[in-house]
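Line order of the protein sequences matches chains F and G. Its first residue numbered 22, the first sequence is counted upward by one per residue in the numbering used here. Its first residue numbered 477, the second sequence is counted upward by one per residue in the numbering used here. The C-beta atom is built at its ideal place from N, Cα and C for all residues, glycine as well. Note that the structure is a prediction, hence the values are computed from the model and not measured. Since the structure comes first, as structure tokens, the remarks are kept for the end.
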Amino acid sequence: MPGTAPLTWYLGLSATLFAIGAVGVLVRRNVIVIFMAIELMLNAVNLTFVALARSLGSMDGQVIVFFVMSVAAAEAAVGLAIIIAMFRNRETTNADELVTLRW
Amino acid sequence: MTETAWLRWIILLPAAGVLFHVFVGRRATAAVKIVGPGLVGAAFAVAVAAALRLRALPAGGLLRDHLYTWIVAGPFRAEAALRLDALSAVMALVVTGVGFLIHVYSVGYMAGDRGFARYFAYLNLFMTAMLILVLADNLPLLFVGWEGVGLCSYLLIGFWYEKTENAAAGKKAFLVNRIGDAGFLLGVFLLAWTLGRHGFWTLDFATIERHRDVLAAATVGGWSVPLLVGLLLFVGATGKSAQLPLYVWLPDAMAGPTPVSALIHAATMVTAGVYMIARLHAVYELAPAALTVVAAVGAATALFAAVIATAQTDIKRVLAYSTVSQLGYMFLGLGVGATGAAVFHLVTHAFFKALLFLGAGSVIHGLGGEQDMRRMGGLRAHMSVTFWTMTVAALALAGVPPLSGFFSKDEILSSAFTGPHAVPALGVVGLVAAALTAYYTGRLVCLTFLGPSRVSPEAAHHLHESPPVMTVPLAVLAVGALAGGLLPVPAIVGQAGEAEAPLALMALAALLAAAGLALAYQLYVVRPDLPATIAVRLGGFYRLVRDKFRVDELYDALVVRPLFAAADVGARGIDPKLIDGVVNGAGVLVATTSGLWRRVQTGNVQHYALSFLIGALLLLGYYVGR
Chain F
22 MPGTAPLTWY LGLSATLFAI GAVGVLVRRN VIVIFMAIEL MLNAVNLTFV ALARSLGSMD
82 GQVIVFFVMS VAAAEAAVGL AIIIAMFRNR ETTNADELVT LRW
Chain G
477 MTETAWLRWI ILLPAAGVLF HVFVGRRATA AVKIVGPGLV GAAFAVAVAA ALRLRALPAG
537 GLLRDHLYTW IVAGPFRAEA ALRLDALSAV MALVVTGVGF LIHVYSVGYM AGDRGFARYF
597 AYLNLFMTAM LILVLADNLP LLFVGWEGVG LCSYLLIGFW YEKTENAAAG KKAFLVNRIG
657 DAGFLLGVFL LAWTLGRHGF WTLDFATIER HRDVLAAATV GGWSVPLLVG LLLFVGATGK
717 SAQLPLYVWL PDAMAGPTPV SALIHAATMV TAGVYMIARL HAVYELAPAA LTVVAAVGAA
777 TALFAAVIAT AQTDIKRVLA YSTVSQLGYM FLGLGVGATG AAVFHLVTHA FFKALLFLGA
837 GSVIHGLGGE QDMRRMGGLR AHMSVTFWTM TVAALALAGV PPLSGFFSKD EILSSAFTGP
897 HAVPALGVVG LVAAALTAYY TGRLVCLTFL GPSRVSPEAA HHLHESPPVM TVPLAVLAVG
957 ALAGGLLPVP AIVGQAGEAE APLALMALAA LLAAAGLALA YQLYVVRPDL PATIAVRLGG
1017 FYRLVRDKFR VDELYDALVV RPLFAAADVG ARGIDPKLID GVVNGAGVLV ATTSGLWRRV
1077 QTGNVQHYAL SFLIGALLLL GYYVGR
């Protein structure tokens, strides 16, 4: 198929995006940025599903992607609500300062 | 066997008294004075009715009262059932009859005591427990009464617990009895196990007697079961009935109020061991060796305690050792196979010993608490009822014919020479002890009532005869001590073949009694300067006897101190260092390790996310690299 990239490229791109997301979650301090990095990781996984679905000629992967997207939408709504509530209480979005959930 | 449903009232009446005294008594002292003795009197009436009913039955008959099934454990069963046969009828009559008189006397003796209601609650509980013991139809129920009298003796000996010695005496009685009870329980277990192996899972006396052949053939580890059972049960009897080597608690038991001493020494408690062996004599008959041990221990105790009694100056202590000695006679009787004579002596002893103790209580009461016979003397003029009744009891104890003690003691001694398991050597020991008995009882009466007065001035000022509520029971008991020898007890409870004492032996015993009494009179009334000279001449031996052969000191050194030392090692060494060390060490270990691990939990979500990632990578690595 002309103009069609091989599967490994898609998987490589997806792995790269996932790694960027994971590093973002781990190193950034702003919870909103961490949140965005999580979205990036989700979409990296979505890309893997779609690529494999196309390559294997199965619709299963695409169906799962729709599920992931809808769950992600719900998660985004809840997550943002939590962040706003947290900000109202603590006046910060710095993850290093939100450490009261411990001994 | 005749079933009845009213035998239980002999026990339930005093038991009701306990409840009354506990819940109502403190606010109604006047009612306690009526209810306490009254219920025991009622129990005596029921016992008399039961005994008459029993007499109407053919020989060997018995009344039975089944209350309920008490224990069902696998195949084992024990009924809460009462049994009245000749033996338990005699015992029940003595316990309730003498007990009633002691209750009446107590009303006078304990008047004005702060613990009046508590005293009668204990006293009635004592009667209840003793009657359970005597009327029980099986060994487990007998054991309930057995432990009950142990508890009550502890409560009553330590009745005036504000004084440390009294509380200690109570504890001593309880602990020494515990040793005996351990032996008793082992004997009961062995009996239950042996019968159970042959499919008889019960311990009522009828079953035990019916399966004697099973017991006779049984052995455990090469030992004959009847011998082991007999010896173990006898260990229990030595504790409860104050025989060598466990007699030490009884002389201390006089720390309690004097009527309690009378109750313990005469009607209840110490007779339990004698009764138990008489009850189980079917088992003992299978083991002549065990019977010989019983007889030997009894004779040794009779002599040993009689020797000690000759050198005591406390009036109650003389009587206490006298009880130990007389119980020795009863065991001698049991051991030579004269069950009837032993129970006969138990009955007559209950009369005259209760009388002696109550009389001593009257003397102590009259002198305002004085117990030392060296500060008595010449009381005859002031306390004539006490003097005459106590003299009757003393003569009965000394074995002067025709008073009660003469007959019963004579039957035991003659059985020792000619009975079914005769051991003549022990009979000789018994005769020597009889002479000593006459001597120390004579000494007691002479020192207390005759001769010149040595009473201290303040006590002399206070001196008075006791009120009728105390002297009337004395008079009633004196009748018993006088005429108790006419009771046909051996014929009722004994087996066939118990011979009347031969005339020569009777004469010898009477002569010994007279000689002992005469010696005491000579030494303490005619020549009162002599005893001190003799004591000096005897020197070390006299001091040894006066100090009761220092048995208490010996036990203290051999048992009490090593136990305390071991307990001390435990309390100061093992407990704080080892036990606490292990417990505290476990706590410290958990605290330190958890202190390390809790640092992992920072609260920072990014750290958690990192651990997710590491975990995910490890899992990935595992599946890829596999």
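Distances from the alpha-carbon of residue 629 of chain G to those of G/582, G/576, G/741 put G/741 closest.
When DSSP assignments are scanned along the segment 665-742 of chain G, the uninterrupted stretches of alpha helix (DSSP H) that are 4 or more residues long and fall wholly within it turn out to be 681-686, 688-693, 701-716, 725-728, 734-738. Non-local C-beta neighbours of residue 480 of chain G in its own chain, meaning closer than 6 angstroms and more than five positions away in sequence, comprise 539, 541, ordered along the chain. Within the same chain, Cβ atoms closer than 7 angstroms to the Cβ of residue 855 of chain G are found at 839, 863, 924, 925, the five residues on either side in sequence being excluded.
According to DSSP, residue pairing for residue 552 of chain G in a beta bridge involves G/549. Ranked by how close their Cα comes to the Cα of residue 785 of chain G, the residues G/1024, G/1096, G/536, G/1060 have G/1024 in first place. Assignment of alpha helix (DSSP H) within the segment 852-904 of chain G, counting only whole runs of 4 or more residues, yields 860-874, 880-894 in chain order. Inclusion of residue 814 of chain G and residue 761 of chain G in the CB contact set at 9 angstroms is not warranted, their separation being larger than that value. Per DSSP, the beta-bridge partners of residue 478 of chain G are G/539.
Distance from the CA atom of residue 884 of chain G to the CA atom of residue 598 of chain G, rounded to whole angstroms, is 31 angstroms. Residue 559 of chain G carries a strand assignment under DSSP once its states are collapsed to helix, strand and coil. When the beta-carbon positions are compared, residue 759 of chain G and residue 717 of chain G stay at least 9 angstroms from each other. At the C-beta level, residue 39 of chain F and residue 71 of chain F stay beyond 9 angstroms of one another.
Nearest to residue 911 of chain G by C-alpha distance, out of G/790, G/1049, G/1011, G/882, is G/882. By the CB criterion at 9 angstroms, residue 916 of chain G and residue 1008 of chain G fall outside the cutoff. Neighbours of residue 1086 of chain G across chain F, judged by C-beta separation under 8 angstroms: 47. From the listed residues G/1096, G/523, G/734, the smallest Cα separation to residue 567 of chain G is found for G/523. Taking a contact as a CB-CB distance under 8 angstroms, the pair residue 899 of chain G and residue 768 of chain G counts as one, their CB atoms being some 6 angstroms apart. The three-state reading of DSSP puts residue 51 of chain F in strand, counting E and B together. In this structure, residue 827 of chain G sits near residue 960 of chain G, with a CB-CB distance shorter than 9 angstroms. Counting along the chain, residue 603 of chain G sits inside the alpha helix (DSSP H) bounded by residues 592-611. Nearest CB-CB separation between residue 69 of chain F and chain G: not below the 9 angstroms threshold.
For residue 1005 of chain G, the secondary structure class from DSSP, reduced to helix, strand or coil, is coil.
Neighbours of residue 1080 of chain G in chain F, taken as residues whose beta carbon is under 7 angstroms from its own, are 116, 117, 120 in chain order.
Under the Cβ distance rule, residue 1072 of chain G does not count among the residues neighbouring chain F, no pair being separated by less than 9 angstroms. The segment 843-858 of chain G and the segment 929-938 of chain G touch, with no fewer than 3 CB-CB distances between them shorter than 8 angstroms. The alpha-carbon of residue 922 of chain G is positioned some 25 angstroms away from that of residue 581 of chain G. Contact annotation, residue 490 of chain G with residue 515 of chain G: C-beta distance approximately 6 angstroms; criterion of less than 8 angstroms satisfied. With 16 or more neighbouring CB atoms inside 10 Å of its own CB, residue 752 of chain G falls in the buried class.
Residue 714 of chain G counts as buried, since at least 16 other C-beta atoms from the protein chains shown sit within 10 angstroms of its C-beta. When G/1060, G/708, G/697 are compared, the shortest CA-CA separation from residue 659 of chain G is found for G/708.
At the C-beta level, residue 487 of chain G and residue 607 of chain G come within 9 angstroms of one another. Three or more beta-carbon pairs separated by less than 8 angstroms are not found between the segment 669-680 of chain G and the segment 723-731 of chain G, which leaves the two stretches without contact.
Of the residues assessed, residue 91 of chain F falls on the exposed side of the cut-off, its CB having fewer than 16 other CB atoms within 10 angstroms. Contacts with chain G at 9 angstroms (Cβ-Cβ) do not include residue 103 of chain F. Around residue 1076 of chain G, the same chain offers no residue with a beta carbon nearer than 7 angstroms, after the five sequence neighbours per side are excluded.
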